[in-house]
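Asks: In this note's numbering, each residue's number is its place in the sequence shown (first place is 1) plus 4.
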Amino acid sequence: MRIKKYLAYDMKEACQLIRQDLGPDAVIINSKEVRQKGILGFMKARMVEVTAAVDEIPVEKPTQQGVKESQVNNDKVSNEMQEMKELLQQIIVKERNAANGKPFVKVSDLEEFDPHEEFKKILQELDLLPEVEKRVEDIFQKQELDECLNRIHIKDKLSEKLVDFFIPVTKANHNSNVLAFIGPTGVGKTTTIAKLAANFALYHGLNIALITIDTYRIGAVAQLKIYGDIIGVTVEAVMTPQELKLAVKNHEDCDLILVDTAGRSSKNAEQINELKTFLDAIRPLEIYLVLDVNTKNKDLIAIVDKYSILKYSKLVFTKADETYSLGSILNVVEATELPVAYVTNGQNVPDDIIPGEPDGLAKLIIGEVE
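#1: Give the C-beta separation of residue 252 and residue 182 to the nearest angstrom, bearing in mind that I take them to be a contact with Cβ-Cβ under 8 Å.
#2: Quick one, are the C-beta atoms of residue 194 and residue 150 less than 9 Å apart?
#3: Quick check: the stretch 288-305 against the stretch 315-325, are at least 3 beta-carbon pairs closer than 8 Å?
#4: Pairing CB atoms from the stretch 222-238 with CB atoms from the stretch 323-330, are three or more of them under 8 Å?
#5: Just the Cα atoms here: how many angstroms apart are residue 214 and residue 236?
#6: Tell me whether residue 273 sits in a helix, a strand or coil according to DSSP, three-state version.
#7: Counting Cβ pairs, one atom from each stretch, are 3 or more of them under 8 Å apart for the stretch 49-59 and the stretch 23-40?
#8: Look at residue 185 and residue 152 and say whether their C-beta atoms are less than 9 Å apart.
#9: Under 8 Å by Cβ, that's how I've got residue 285 and residue 218 pegged, so tell me the actual separation to the nearest angstrom.
#10: DSSP three-state label for residue 266, please.
#11: Provide the residue(s) that pair with residue 260 in DSSP beta bridges, ordered along the chain.
#12: Which residues does DSSP list as the beta-bridge partners of residue 346?
#13: Along the alpha helix (DSSP H) that carries residue 253, what are the first and last residues, could you check?
#14: Where does residue 133 sit, in a helix, a strand or coil, going by DSSP?
#15: Skipping 5 residues on each side, what residues in its chain have a beta carbon closer than 7 Å to that of residue 241?
#16: Report yes if the CB atom of residue 325 is closer than 9 Å to the CB atom of residue 350, and no otherwise.
#17: Measure the C-alpha to C-alpha separation of residue 346 and residue 22 and round it to an integer number of angstroms.
#18: Rounded to whole angstroms, what's the CA-CA distance from residue 306 to residue 270? Just pull it up for me.
#19: For residue 117, which residues of its own chain have a beta-carbon under 7 Å away from its beta-carbon, when the five flanking residues on both sides are left out?
#20: Let me check understanding here. Comparing Cα to Cα, which of 360, 156, 145, 200 lies closest to residue 126?
Encoded structure:
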């Protein structure tokens with residue numbers, strides 16, 4: 005068995021060298037970008053260092069006289085080969101760890117793999133808007149893609165790159181203990197509020213109050229009160245902006261006041277303005293726009309635009325468990341330049357809600373691409 009390192013200007017050249025030297029059955033154990041020092045210490049162009057291995061057991065055709073001697077030494081040769089294999093395995097394990105556990109790739113498979121075409125397929129599966137797709141393409145250098153050995157490598161690299169697309173919630177302003185949740189009908193605002201209230205109350209020991217102005221939807225108040233009884237928090241329903249202002253005043257000693265609102269169509273300006281009168285009555289507050297990730301991209305962009313009059317400052321995405329493509333999150337983040345506070349991925353309360361941490365969001369989005 006042989007392990008050897010190769011230095012080349014790109015993966016294509018490295019594969020050619022490996023195939024010529026070790027044959028088509030060789031596997032890529034690891035690859036990394038390197039820069040060699042040039043004359044007087046100046047840096048040369050980037051290159052790739054590729055570690056490859058092949059199971060090579062030379063077999064010599066024995067002569068008539070050598071047959072008997074070969075049989076005598078057979079056990080010795082077997083033991084030596086076993087020791088070589090064990091040594092190789094140790095080296096491979098070290099190389100695999102250095103490669104972050106990525107699977108080995110055969111040179112013959114790699115020669116048929118086009119990382120640029122595979123990258124385009126992944127972007128198509130994400131269903132990104134053209135301008136967002138262009139930005140994602142721009143953050144990749146050609147050589148970075150050339151170094152990717154398979155689809156898994158591309159997804160890992162893309163996940164790392166997408167972290168920079170997101171604004172950490174910790175850097176966003178927190179100027180009030182009153183949080184209002186707005187959004188279209190049926191996106192899951194009430195369930196999201198119940199999850200947050202349960203987490204804040206049960207896991208963090210905070211004193212929570214729930215207020216709802218969703219008196220239009222049948223059973224909305226009763227649903228929230230059931231959650232409140234289970235969690236052990238106060239629930240109050242109000243009908244007017246004045247009642248909302250008084251309710252917030254009555255619960256000002258609470259750590260957090262969560263306000264549930266009725267779903268409003270982004271196409272109905274009158275409904276949006278009515279909601280604005282409620283929210284204006286209790287400013288300053290933080291407003292979270294709740295969106296269903298399964299909504300069409302065109303509709304999502306229209307919603308965030310029409311709701312902008314309400315001055316929301318954070319985003320919540322729901323129903324991530326119901327789709328195989330979460331590129332819509334990237335589309336909205338690019339359109340609004342706002343942080344993602346939470347993503348929900350199921351109906352279970354208080355579980356099935358994920359904090360909007362950039363690293364976690366990137367992995368979630370890329371992880372849904374098969």
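Every residue, glycine too, gets a C-beta built ideally from N, C-alpha and C.
Replies: On the basis of the data shown:
#1: 6 Å
#2: no
#3: yes
#4: no
#5: 11 Å
#6: Note: residue 273 maps to helix in three-state DSSP.
#7: yes
#8: no
#9: Rounded, the Cβ-Cβ distance is 16 Å, inconsistent with contact.
#10: coil
#11: 212
#12: 320, 359
#13: 245-254
#14: coil
#15: 216, 219, 225
#16: yes
#17: Going by the C-alpha atoms only, they are around 47 Å apart.
#18: So the alpha carbons of these two residues sit roughly 7 Å apart.
#19: Excluding sequence neighbours, residue 117 sits near 154.
#20: 156
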